[in-house]
Structures are given as structure tokens and as C-alpha cells.
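See below for the structure under consideration.
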Amino acid sequence: MADELVLLDFWPSPFGMRVRIALAEKGIKHEYREEDLRNKSALLLQMNPVHKKIPVLIHNGKPVCESLIQVQYIDEVWHDQAPLLPSDPYQRAIARFWADFVDKKIYELGRKIWTTKGEEQEAGKKEFIECLKLLEGELGDKPYFGGENLGYVDVVLVPFYSWFLAYEKCGNFSIEAECPKLIAWAKRCLQKESVSKSLPDQEKVYGFVLQLKKIFGIE
Amino acid sequence: MAVVKLFGAWTSPYFYRVIWALKLKGIPYECIEEDLLNKSPLLLQYNPVHKKIPVLVHDGKPICESTIIPQYIEEIWPQPSLLPSDPYERAMARFWIKFADDKLILLALSPSISKMYRASGEEQEKAVKYILEMLETMEDHGLIGGKKFFGGDKISMVDMAFGAVAHWLGVIEDAAGLKIFEAHKFPRLQSWIQNFKEVPIIKENLTDRDKMFALLKRRREMLLASK
Numbered sequence: 001m002a003d004e005l006v007l008l009d010f011w012p013s014p015f016g017m018r019v020r021i022a023l024a025e026k027g028i029k030h031e032y033r034e035e036d037l038r039n040k041s042a043l044l045l046q047m048n049p050v051h052k053k054i055p056v057l058i059h060n061g062k063p064v065c066e067s068l069i070q071v072q073y074i075d076e077v078w079h080d081q082a083p084l085l086p087s088d089p090y091q092r093a094i095a096r097f098w099a100d101f102v103d104k105k106i107y108e109l110g111r112k113i114w115t116t117k118g119e120e121q122e123a124g125k126k127e128f129i130e131c132l133k134l135l136e137g138e139l140g141d142k143p144y145f146g147g148e149n150l151g152y153v154d155v156v157l158v159p160f161y162s163w164f165l166a167y168e169k170c171g172n173f174s175i176e177a178e179c180p181k182l183i184a185w186a187k188r189c190l191q192k193e194s195v196s197k198s199l200p201d202q203e204k205v206y207g208f209v210l211q212l213k214k215i216f217g218i219e
Numbered sequence: 001m002a003v004v005k006l007f008g009a010w011t012s013p014y015f016y017r018v019i020w021a022l023k024l025k026g027i028p029y030e031c032i033e034e035d036l037l038n039k040s041p042l043l044l045q046y047n048p049v050h051k052k053i054p055v056l057v058h059d060g061k062p063i064c065e066s067t068i069i070p071q072y073i074e075e076i077w078p079q080p081s082l083l084p085s086d087p088y089e090r091a092m093a094r095f096w097i098k099f100a101d102d103k104l105i106l107l108a109l110s111p112s113i114s115k116m117y118r119a120s121g122e123e124q125e126k127a128v129k130y131i132l133e134m135l136e137t138m139e140d141h142g143l144i145g146g147k148k149f150f151g152g153d154k155i156s157m158v159d160m161a162f163g164a165v166a167h168w169l170g171v172i173e174d175a176a177g178l179k180i181f182e183a184h185k186f187p188r189l190q191s192w193i194q195n196f197k198e199v200p201i202i203k204e205n206l207t208d209r210d211k212m213f214a215l216l217k218r219r220r221e222m223l224l225a226s227k
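Protein chains in written order, with UniProt numbering: chain A, 1 to 219; chain B, 1 to 227.
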């Protein structure tokens, strides 16, 4: 019996992008369904009753929720192609630590940058750059966080690159000036088809953010 | 033989998540109690990013975060298993572990930061509402089917992730003079709490209730007096 895989997603979501990249890296056939978050489908609400959020991965009718969990699930089920997590348990713990760090910090700080102004925004920018610098430290001289190939942390972090232009324009700063190594890493990732096909254009995301700001009445 | 050290603090439910994992698997370890108001240079060296407990040090290598440490322990010492072997069941377990972590952190059911006994008025009301929502989700979605534990018949990492609800919530309620968890409103949760606390390793490894109550009461009085 062939596997049936459906991804409920929303094009600008960095969390959705993680799953898209993982599926593409492993060449897994699936159906992509775009959700309108102002009018969530009955399927979404049924498959993720606790959080009612995307992305939701539905594998043979059974839902898996939360992007980090979905990426790990994909890695475990399709373990023969393009492994994302290291095989060594200690290295796996390190990878999970940094994925958890990205999850706890980058989205919230990025959000702070495009939704606030003045002192709050400045504090957000400062902490955001500090976090990116910590990540640069972890990357070191490796081409990817996963070493020679794209790994778990790369998949978890690179989607936020599509939001960098929006952060820079809203926050009036240059991420590249502060973290050139990280930008070089992101561009390296984008050379991979799995990443370039999964990430929307930065200008498109910026346009979306401007729309959101209008809707929420944020200057 | 490899040496296992665990940095922690007696009040923290996050610390206990790791203790339970180690003890359930019969892994000997050395415990290093940290004073959270005066953290040791060694702790800061092992966890420079977050500077928090718990930290597990195995063979001199540090592992941080109370949801990541048990997974590491599971991979090095697989028996008895605390996580399902089936990838889908494992994804479900991870979902509930994340839910517990997200809700309990924001709350937080750790005596050092809980808004419930630290705050009053509107702030406290918000915290209470938040906890009730969490308890309702656990009752309606997590424990559906009348299971003994979150993962079925055996205790797993999911139960340990919710440990704060089984033991710490009650003490914090008492210290704050609140009653949030009413057993008759949450029958499945009430059963689960009893099942959880009856597991011998759990029963023998719970933070001293009276000692914690006294500490929280003192802290609450100090905080309210300073406002």
C-alpha cells in the first residue's frame, strides 16, 4: 500500500518550511494543502484540536503536529534517505539543544522586531543578533550545522532567512553586517533545491508582513 | 565505568524529570545541588547558553534541557524503555512532552517563577485561567480512553514531563491560598496523579512538601510586603 502524506501548511510559515525541506531532502511524495488561517479548514481543526495550528502532517490519516516533532518523525520513518539527525547520541543531544534554542528564541525575537518600536524594538534587535552570533559560534568552520551535509539544525533555522529582509526593513538594521557567516551559511543552504523550493522569496514575505502590520494597526 | 553527574535544585520539577529517568533505569549518578541565587562556575561552564539546571554530565560532556536529557538517557540506556519504539507513538509522546514543557514554563509550575503565588489580583487570575486550560486539555485530549498513564499501561517520559502537576501544583496552590485543581472536575487527571505517585521510584523521589510549602509561604509574604 502506498503511503499517503498530506501537509497542511501556510506559505510564509517558517515552521511549515521546515517540513517542506525535510520532505524534499528525502524525496518524499506528498500533497501540499494551503490553509487560510482566517478560515481554518474542518480537517485542520480535526487533525490538530489542541493547538489548531499549521503545519500538520497527515500520514495515512494519522496527524503529527509541531514542526520539530514532524521533522524528527520524517527522519525516523524515512531513515534511509538523507539522514538529518546525527547517529551518535551525544551529537543528537547537541542538535536537539540548538533546535530547541532556535525554537525558543528566533521566532519570538523576530516577531518583537516587526511588531514593536522604540526601546522594545531595540532590545529585541540586540538579543536577536546575540542569538544569531551564538549560532554562528556553533556553526564554526563547518559548511552546515550538520557537518558536510544539511542536518536537523540547518532545516530548523534556515526558514527564518526568508524573513530576514522583513526584520531588517522593520528594524532598520543589517543582519549581514553583524552576522556575515550566518548569511553565507544561509545562501549556501539555498543552493540546495530542497531549500530553494521550500522558502518563499524575501520580498514576498516582506509584503506579507506589511499587510499584517496594516491589519493589526502596527506602524 | 562512565561517570554520571547531575546538577539540580531540590525545588525544581525539571530537575526531577531527570532524577526519575535515571532512577527508573537504575543508573547511578552523583547529584550536585545548586544554589540558584549563586550558581557555581562549573554550572555556568557546562551550560553557558541558558545557565540553568538541570544539566547532566556524562563522561565529562554536558547535556542540557530537561526534555532533551531523558531522550539522551533513553538512547544510551534503552532499558527499561521510557519512550515508545513505534515512530508514530513516539511522535505523540513528544507532542505531549512539548505541551507540558511549553505550558509549565510559561506558567510556571516551578517555585522560583510561578506567577500563582508571586502575584495577586489580575495577574494571578490570568495565571489561574492558564492552568485551568492546561488541565482541561490534559483531561480531554491527553488522557482520553481512561489510560493508566499518558502512554498506556507503563510510565513514560510524558508522565514525568507532567510531574509538576502531580506534586508541585498542590503545594503552590496551598502557598497562594488558591484551589484550582478540583478532583471531581478532572476525574481522569485525578486517577493519573494517583497512578503516577504510586510508582515506587516516583513515590520515593518527590521533593519534600512541607519544606517547599514553608519556602513558598516565606517568599510570597516577602513579595507581597514589598509591593
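Built from N, CA and C at the ideal position, the CB exists for glycine as well.
For residue i, go through chain B and note every residue whose CB falls closer than 7 Å to its CB, in chain order.
{"i": "residue 65 of chain A", "result": "95"}
{"i": "residue 111 of chain A", "result": "Simply none; closest approach about 16 Å."}
{"i": "residue 101 of chain A", "result": "49"}
For chain B, check one thing: does any of its Cβ atoms lie closer than 8 Å to the Cβ of residue i?
{"i": "residue 54 of chain A", "result": "no"}
{"i": "residue 86 of chain A", "result": "no"}
{"i": "residue 69 of chain A", "result": "yes"}
{"i": "residue 73 of chain A", "result": "yes"}
{"i": "residue 76 of chain A", "result": "yes"}
{"i": "residue 134 of chain A", "result": "yes"}
{"i": "residue 22 of chain A", "result": "no"}
{"i": "residue 93 of chain A", "result": "yes"}
{"i": "residue 125 of chain A", "result": "no"}
{"i": "residue 62 of chain A", "result": "yes"}
{"i": "residue 18 of chain A", "result": "no"}
Decide if residue i is buried, meaning its Cβ has at least 16 other Cβ atoms within 10 Å, or exposed.
{"i": "residue 109 of chain B", "result": "Annotation note: pLDDT 48 at residue 109 of chain B (below 50); position unreliable, no value reported."}
{"i": "residue 210 of chain B", "result": "exposed"}
{"i": "residue 2 of chain A", "result": "exposed"}
{"i": "residue 15 of chain A", "result": "buried"}
{"i": "residue 226 of chain B", "result": "exposed"}
{"i": "residue 222 of chain B", "result": "exposed"}
{"i": "residue 177 of chain B", "result": "exposed"}
{"i": "residue 50 of chain B", "result": "exposed"}
{"i": "residue 31 of chain B", "result": "exposed"}
{"i": "residue 3 of chain B", "result": "exposed"}
{"i": "residue 78 of chain B", "result": "exposed"}
{"i": "residue 202 of chain B", "result": "buried"}
When the cut-off is 8 Å and only beta carbons count, does residue i lie next to chain A?
{"i": "residue 99 of chain B", "result": "yes"}
{"i": "residue 13 of chain B", "result": "no"}
{"i": "residue 75 of chain B", "result": "yes"}
{"i": "residue 91 of chain B", "result": "yes"}
{"i": "residue 88 of chain B", "result": "yes"}
{"i": "residue 109 of chain B", "result": "With a pLDDT of only 48 at residue 109 of chain B, under 50, the local geometry of the prediction cannot be trusted, and the value read off the model is given with reservation. It does not; no Cβ of chain A falls within 8 Å."}
{"i": "residue 31 of chain B", "result": "no"}
{"i": "residue 130 of chain B", "result": "no"}
{"i": "residue 194 of chain B", "result": "no"}
What three-state label does DSSP hand residue i in the structure shown?
{"i": "residue 5 of chain A", "result": "strand"}
{"i": "residue 104 of chain B", "result": "helix"}
{"i": "residue 156 of chain A", "result": "helix"}
{"i": "residue 14 of chain B", "result": "helix"}
{"i": "residue 107 of chain A", "result": "helix"}
{"i": "residue 203 of chain B", "result": "helix"}
{"i": "residue 140 of chain A", "result": "coil"}
{"i": "residue 65 of chain A", "result": "strand"}
{"i": "residue 109 of chain B", "result": "Here the model assigns residue 109 of chain B a pLDDT of 48, short of 50, so the residue's position is not dependable, and the following value carries that caveat. Correct three-state label for residue 109 of chain B: coil."}
{"i": "residue 175 of chain A", "result": "helix"}
{"i": "residue 151 of chain A", "result": "coil"}
{"i": "residue 50 of chain A", "result": "coil"}
{"i": "residue 90 of chain A", "result": "helix"}
Which whole-angstrom value is the C-beta distance of residue i and residue j, which I expect to be below 8 Å?
{"i": "residue 144 of chain B", "j": "residue 97 of chain A", "result": "Actually they are not in contact, since the Cβ atoms of residue 144 of chain B and residue 97 of chain A sit about 32 Å apart, beyond 8 Å."}
{"i": "residue 217 of chain B", "j": "residue 175 of chain B", "result": "5 Å"}
{"i": "residue 117 of chain A", "j": "residue 219 of chain A", "result": "7 Å"}
{"i": "residue 105 of chain A", "j": "residue 136 of chain A", "result": "Between residue 136 of chain A and residue 105 of chain A the Cβ distance is about 14 Å, and since that is not below 8 Å, they are no contact."}
{"i": "residue 151 of chain A", "j": "residue 144 of chain A", "result": "6 Å"}
{"i": "residue 139 of chain A", "j": "residue 127 of chain A", "result": "Contact flag wrong, Cβ pair sits at about 19 Å."}
{"i": "residue 21 of chain B", "j": "residue 70 of chain B", "result": "4 Å"}
Run through chain B and tell me which residues come within less than 9 Å of residue i, C-beta to C-beta.
{"i": "residue 153 of chain A", "result": "Result: empty, since nearest Cβ-Cβ is about 13 Å, beyond 9 Å."}
{"i": "residue 213 of chain A", "result": "Under the 9 Å cutoff, chain B gives no residues; its nearest Cβ is about 26 Å from residue 213 of chain A."}
Under 8 Å Cβ-Cβ, which residues of chain A neighbour residue i?
{"i": "residue 61 of chain B", "result": "90"}
{"i": "residue 137 of chain B", "result": "50"}
{"i": "residue 141 of chain B", "result": "49, 50"}
Going along chain A in order, which residues have a C-beta closer than 7 Å to the C-beta of residue i?
{"i": "residue 228 of chain B", "result": "No information on residue 228 of chain B is available, as it lies outside the stretch 1 to 227 that chain B covers here."}
{"i": "residue 46 of chain B", "result": "Within 7 Å Cβ-Cβ: nothing; residue 46 of chain B doesn't reach chain A, min ~12 Å."}
{"i": "residue 68 of chain B", "result": "93, 96, 97, 100"}
Output, in chain order, the set of chain A residues within a Cβ distance shorter than 9 Å of residue i.
{"i": "residue 72 of chain B", "result": "89, 90, 92, 93, 96"}
Can you list the residues of chain E that residue i reaches, using a CB-CB cut of under 7 Å?
{"i": "residue 19 of chain B", "result": "Looking at the structure shown, chain E is missing, and the protein chains on hand are A and B."}
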